[in-house]
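Asks:
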Amino acid sequence: MAERTVVVASAQGLHARPAKLFTQAAAGKGATIAVDGGNPVDAGSILRVMALGVKSGATVTIAAEDEAVLDELQTLLETDLDAQ
Amino acid sequence: MLTGSGVGRGAVVGPVARAHPAPPTPTEAAGPDSEAGRAEAVERVAQAYRDVADALTARAEQAAGTTMGEVLEATAAMASDPELVGEAKTRVMQGQEPTFAVDHATKEYIDLFTAAGGYLAERVTDLRSVRDRVISRLAGLPEPGVPALAEPSVVVAQDLAPADTAALDLDKVLAIIIEQGGPTGHTAIIAGQLGIPCIVRVGGAADLADGQVVAVDAAAGTVTIDPDDDVRARAQARGDALQRLADDTSDGATADGHPVQLLANIGTAEDAERLTDAAVEGVGLFRTEVLFLGRTTAPTREEQADTYERALRALGGRKVVVRTLDAGADKPLAFVTRSDEENPALGVRGYRLVRTAPELMADQLHALAEASRRTGVEPWVMAPMIADVDEATEFARLAREAGLAKVGVMIEVPAAALRARDVFSAVDFVSLGTNDLAQYTMAADRLLGGLVDLLDPWQPAVLELVAAVSWAGGEAEKPAGVCGESASDPLMALVLTGLGITSLSMSPAAVPGVRFALSKHTREQCEAIAGAARGGRTAAASRAAALELCDPEVREVLALG
Numbered sequence: 096m097a098e099r100t101v102v103v104a105s106a107q108g109l110h111a112r113p114a115k116l117f118t119q120a121a122a123g124k125g126a127t128i129a130v131d132g133g134n135p136v137d138a139g140s141i142l143r144v145m146a147l148g149v150k151s152g153a154t155v156t157i158a159a160e161d162e163a164v165l166d167e168l169q170t171l172l173e174t175d176l177d178a179q
Numbered sequence: 049m050l051t052g053s054g055v056g057r058g059a060v061v062g063p064v065a066r067a068h069p070a071p072p073t074p075t076e077a078a079g080p081d082s083e084a085g086r087a088e089a090v091e092r093v094a095q096a097y098r099d100v101a102d103a104l105t106a107r108a109e110q111a112a113g114t115t116m117g118e119v120l121e122a123t124a125a126m127a128s129d130p131e132l133v134g135e136a137k138t139r140v141m142q143g144q145e146p147t148f149a150v151d152h153a154t155k156e157y158i159d160l161f162t163a164a165g166g167y168l169a170e171r172v173t174d175l176r177s178v179r180d181r182v183i184s185r186l187a188g189l190p191e192p193g194v195p196a197l198a199e200p201s202v203v204v205a206q207d208l209a210p211a212d213t214a215a216l217d218l219d220k221v222l223a224i225i226i227e228q229g230g231p232t233g234h235t236a237i238i239a240g241q242l243g244i245p246c247i248v249r250v251g252g253a254a255d256l257a258d259g260q261v262v263a264v265d266a267a268a269g270t271v272t273i274d275p276d277d278d279v280r281a282r283a284q285a286r287g288d289a290l291q292r293l294a295d296d297t298s299d300g301a302t303a304d305g306h307p308v309q310l311l312a313n314i315g316t317a318e319d320a321e322r323l324t325d326a327a328v329e330g331v332g333l334f335r336t337e338v339l340f341l342g343r344t345t346a347p348t349r350e351e352q353a354d355t356y357e358r359a360l361r362a363l364g365g366r367k368v369v370v371r372t373l374d375a376g377a378d379k380p381l382a383f384v385t386r387s388d389e390e391n392p393a394l395g396v397r398g399y400r401l402v403r404t405a406p407e408l409m410a411d412q413l414h415a416l417a418e419a420s421r422r423t424g425v426e427p428w429v430m431a432p433m434i435a436d437v438d439e440a441t442e443f444a445r446l447a448r449e450a451g452l453a454k455v456g457v458m459i460e461v462p463a464a465a466l467r468a469r470d471v472f473s474a475v476d477f478v479s480l481g482t483n484d485l486a487q488y489t490m491a492a493d494r495l496l497g498g499l500v501d502l503l504d505p506w507q508p509a510v511l512e513l514v515a516a517v518s519w520a521g522g523e524a525e526k527p528a529g530v531c532g533e534s535a536s537d538p539l540m541a542l543v544l545t546g547l548g549i550t551s552l553s554m555s556p557a558a559v560p561g562v563r564f565a566l567s568k569h570t571r572e573q574c575e576a577i578a579g580a581a582r583g584g585r586t587a588a589a590s591r592a593a594a595l596e597l598c599d600p601e602v603r604e605v606l607a608l609g
């Protein structure tokens with residue numbers, strides 16, 4: 096599994112809309128997301144991702160087998176999805 | 049009478065329509081005992097989740113582009129969440145009855161979200177909505193939620209999920225009463241956006257029966273059961289007036305036709321684009337620092353010009369007042385803010401940045417001039433935190449050299465207010481920022497919640513400075529506007545008009561209330577109200593004196609107290 100550490104840009108953190116866009120992109124790709132050394136959760140589960148309570152500016156670790164999947168997820172996390 | 053927390057200012061009278069209850073909580077734990085039966089049940093559960101997700105997605109598409117659409121999309125995403133659906137299927141596989149399995153699988157997340165509190169706790173409504181829909185499908189029950197309304201009604205529910213709210217026939221919804229929920233919940237937010245009076249956390253709402261007539265007053269947060277004629281008449285009057293208010297898009301003016309420009313405060317080009325249909329005469333404050341905050345280097349001239357161009361185009365030739373970078377103190381910028389200042393609010397901030405980083409100002413003024421050339425629209429430009437006539441003169445020179453014709457400054461420093469006459473001699477207009485003006489007049493940091501009484505724009509000393517600036521503007525025959533928080537207070541708007549302020553800039557949502565208040569008072573009445581406010585010895589006394597002279601209908605409709 097390849098890993099990346101990313102700072103979340105969305106002004107409201109990973110709440111409803113940003114969480115939905117992120118989990119949609121991650122669904123079915125075996126990717127995980129974790130905060131501050133916590134347990135990784137399925138990055139395709141909106142409930143698990145929302146429950147992490149990720150705030151704007153927080154650092155998260157994403158992991159996946161496929162670098163292209165990581166690229167896509169990293170781009171989403173580094174975009175202010177609330178501003179779009 | 050029942051009480052709760054009101055959203056909006058509306059008031060209505062009408063019959064209660066109760067929402068369909070959620071399906072009963074499953075108590076039968078044991079499911080099919082054959083492997084084939086369990087496999088079939090697993091498939092039914094998966095199908096029920098898919099059906100619910102599809103139905104929610106279809107509703108989301110109908111509401112695409114709105115807040116409601118986004119909420120529905122997120123709820124649909126919950127209904128197709130792999131972990132939630134997987135957990136329910138696993139439970140059935142292990143021998144649980146399907147509706148019981150769905151209930152318990154959801155319960156894990158409800159507990160998790162409830163324990164987290166805040167925003168997540170409010171999403172529990174969405175989770176319950178998904179659970180209830182899936183269970184209803186599995187049990188062959190009608191979908192829970194609001195029934196089709198035969199006549200205009202007051203919808204009463206224990207709680208409404210966004211999906212329920214989306215299904216409402218809005219033309220027939222007079223008001224929404226919910227027993228649970230919170231003012232930041234989706235129902236409250238959406239009702240607020242739609243202008244539907246809404247009261248949340250109404251204890252005893254469960255006892256309201258279908259068809260029972262109630263009077264709902266969102267401003268007071270009250271529900272009156274079987275209201276008498278007086279209560280009905282007042283609700284009717286308020287409802288009619290608010291409707292007229294929302295429909296009115298005329299230019300701001302007093303009852304006798306004295307014009308007062310009503311403008312919007314914005315922070316981004318997107319904000320400007322959203323103003324297309326808003327009844328404002330332009331933008332009175334475009335806070336350009338939003339473009340700079342949270343970046344490690346300043347945006348280029350080109351990038352700034354593109355943003356300013358978008359804003360100018362969006363307003364289609366209406367007035368746009370652009371404020372140059374107001375950073376420092378509570379708005380630090382990585383690339384200019386100094387960390388060695390003991391009193392940042394009194395330090396190198398606002399216009400003063402020109403002392404340490406003159407290229408920022410030059411880039412901004414040239415970018416704005418470029419946007420003006422591209423659009424053929426002449427923006428107004430002003431600098432924040434001007435303290436004396438030398439600064440005003442220097443800024444005017446820089447702006448004019450860059451090719452900008454309409455140059456002004458913000459008056460937020462008492463020194464500039466006291467010598468407003470000198471400042472006006474150097475520029476074409478001024479705009480008062482009452483938050484900072486109060487901060488510096490009262491020597492009270494505006495970020496300290498404990499000093500909020502001192503930061504009150506009704507403080508007589510602050511009013512005196514506003515009056516001084518306004519008077520100097522009248523003498524110079526140049527515009528003096530207000531773009532601080534106080535402009536959005538309808539009562540203060542009367543005082544400011546009475547003092548001679550020529551434009552009021554505020555958040556777009558505040559405009560209808562201010563427009564209405566102005567339209568109900570003559571200029572002479574505004575002057576009397578301003579005089580009464582200036583006569584107060586304390587902030588509270590100044591406000592009370594103004595309120596005393598305010599038109600009773602305005603007090604009632606805007607719930608000014």
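Chains as they are written, first to last, in the working numbering: chain L, 96 to 179; chain R, 49 to 609. Beta carbons are placed, not taken as given, at the ideal position from N, Cα and C, and that holds for glycine.
(1) Identify every residue that forms a DSSP beta bridge with R/W428.
(2) With 16 as the cutoff for other CB atoms within 10 Å, does R/P69 come out buried or exposed?
(3) Quick check on R/G300: buried or exposed, where buried means 16 or more other Cβ atoms within 10 Å of its Cβ?
(4) Kindly identify the DSSP beta-bridge partner or partners of R/I273.
(5) Of all the residues that make up the segment 126 to 154 of chain R, which are near chain L by a beta-carbon distance shorter than 8 angstroms?
(6) Under 8 angstroms, Cβ to Cβ, is there at least one residue of chain L near R/A96?
(7) Determine, using beta carbons only, whether R/P373 comes closer than 8 angstroms to chain L.
(8) Do the CB positions of R/A289 and R/V605 come within less than 8 angstroms of each other?
(9) Quick check on this structure: which residue in R/R445, R/S387, R/N391 and R/L293 has the alpha carbon closest to the alpha carbon of R/A410?
(10) Opposite L/I128 in the DSSP bridges: which residues?
(11) Taking Cβ-Cβ distances below 7 angstroms as the criterion, which residues of the segment 147 to 174 of chain L are in contact with chain R?
(12) Is the CB of L/L109 under 8 angstroms away from at least one CB in chain R?
(13) Between which two residues does the alpha helix (DSSP H) containing R/A593 stretch?
(14) Taking 8 angstroms as the CB-CB cut-off, is R/E118 touching chain L?
(15) If we count the other Cβ atoms within 10 Å of its Cβ and call it buried at 16 or more, is R/F383 buried or exposed?
(16) Where does R/I434 sit, in a helix, a strand or coil, going by DSSP?
(17) Would DSSP call R/L306 helix, strand or coil?
(18) Per DSSP, R/E337 is paired with what?
(19) Report the three-state DSSP secondary structure of R/H68 (helix, strand or coil).
(20) Cβ closer than 7 angstroms: which chain L residues qualify as neighbours of R/R343?
(21) Going along chain A in order, which residues have a C-beta closer than 8 angstroms to the C-beta of R/R171?
(22) So, with DSSP's three-state summary, where would you put L/T100?
(23) Alpha carbon to alpha carbon, how far is R/A187 from R/M126? Give it in angstroms, no decimals.
(24) Run through the DSSP bridge pairs and tell me what R/S201 is partnered with.
(25) Enumerate in chain order the residues of its own chain whose CB-to-CB distance from R/I397 is below 7 angstroms, with the five nearest sequence positions on each side excluded.
(26) Can you find a C-beta in chain R that's less than 8 angstroms from the C-beta of L/T127?
(27) For a test of the three-state rule: what should DSSP assign to R/P63, helix, strand or coil?
(28) Count Cβ pairs between the segment 549 to 556 of chain R and the segment 329 to 336 of chain R that sit closer than 8 angstroms; are there 3 or more?
(29) Following the continuous alpha helix (DSSP H) through R/A353, name the residue where it begins and the one where it ends.
(30) Can you find a C-beta in chain L that's less than 8 angstroms from the C-beta of R/F334?
(31) Can you name, in chain order, every residue of its own chain whose Cβ lies under 6 angstroms from the Cβ of L/R99, other than the five neighbours on each side?
(32) Could you tell me which chain L residues have their CB closer than 7 angstroms to the CB of R/L160, listed as they occur along the chain?
(33) What are the residues in the segment 165 to 199 of chain R lying within 9 angstroms of chain L by C-beta distance?
(34) What first and last residue would you give for the alpha helix (DSSP H) that runs through R/L547?
(35) Would the beta-carbon of R/E109 be found less than 7 angstroms away from any heavy atom of the ligand MG?
(36) Report the neighbours of R/I121 on chain L: residues whose CB is nearer than 7 angstroms to its CB, in chain order.
Replies: The structure says:
(1) Residue pairing by DSSP puts R/W428 in a beta bridge opposite R/V369 and R/K454.
(2) Classification of R/P69: exposed, given that the 10 Å Cβ count is below 16.
(3) Taking all protein chains shown into account, R/G300 has 16 or more neighbouring C-beta atoms within 10 Å of its C-beta and is therefore buried.
(4) In the DSSP output, where bridge partners are listed per residue, R/I273 has R/V262.
(5) Within the segment 126 to 154 of chain R, the residues whose Cβ lies closer than 8 angstroms to some Cβ of chain L are M126, D129, P130, E131 and L132, listed in chain order.
(6) No, no contact with chain L.
(7) Here residue 373 of chain R is Leu; the residue named in the question, Pro, does not match the sequence. False, the Cβ-Cβ gap to chain L never drops below 8 angstroms.
(8) Between R/A289 and R/V605, the CB-CB gap stays under 8 angstroms.
(9) The candidate whose alpha carbon is nearest that of R/A410 is R/R445.
(10) L/I128 pairs with L/V136 and L/I157.
(11) Within the segment 147 to 174 of chain L, the qualifying residues are G148.
(12) False, the Cβ-Cβ gap to chain R never drops below 8 angstroms.
(13) Under the DSSP assignment, R/A593 falls in the alpha helix (DSSP H) whose first and last residues are A587 to L597.
(14) Yes, R/E118 lies at the interface with chain L (some Cβ there is under 8 angstroms from its Cβ).
(15) With fewer than 16 other beta carbons inside 10 angstroms of its own, R/F383 counts as exposed.
(16) Here R/I434 sits in coil by DSSP.
(17) Residue identity differs from the one stated: residue 306 of chain R is His in this sequence, not Leu. DSSP, read as helix, strand or coil, puts R/H306 in coil.
(18) According to the DSSP secondary-structure assignment, R/E337 is paired through a beta bridge with no residue.
(19) Of the three classes helix, strand and coil, the one that applies to R/H68 here is strand, per DSSP.
(20) Within chain L, no C-beta atom comes less than 7 angstroms from the C-beta of R/R343; the nearest is roughly 12 angstroms away.
(21) As a matter of chain content, chain A is missing from the structure shown, whose protein chains are L and R.
(22) Residue state, collapsed to three classes: strand.
(23) Computed Cα separation, rounded: 20 angstroms.
(24) R/S201 is bridged to R/V221.
(25) Checking the sequence, you will find Arg at residue 397 of chain R rather than Ile. Cβ within range, chain order: A375, G376, A377 and M433.
(26) Answer no: the Cβ-Cβ gap between L/T127 and chain R never drops below 8 angstroms.
(27) Here R/P63 sits in strand by DSSP.
(28) Enough Cβ pairs lie closer than 8 angstroms, so yes.
(29) Per DSSP, R/A353 is one residue of the alpha helix (DSSP H) stretching across R349 to A362.
(30) Taking Cβ atoms only, chain L never reaches closer than 8 angstroms to R/F334, which makes this a no.
(31) Excluding residues within five positions, the ones whose Cβ falls inside 6 angstroms are I157, L165 and Q169.
(32) Here the neighbours are A146.
(33) Those residues of the segment 165 to 199 of chain R placed with their C-beta closer than 9 angstroms to a C-beta in chain L are G166, Y167, L168, R171, D174 and L175, ordered along the chain.
(34) Per DSSP, R/L547 belongs to the alpha helix (DSSP H) from P538 to L547.
(35) No copy of the ligand MG appears in this structure; indeed no ligand is present at all.
(36) Position check: residue 121 of chain R holds Glu in this sequence, whereas Ile was assumed. Those within 7 angstroms of R/E121 in chain L are K115.
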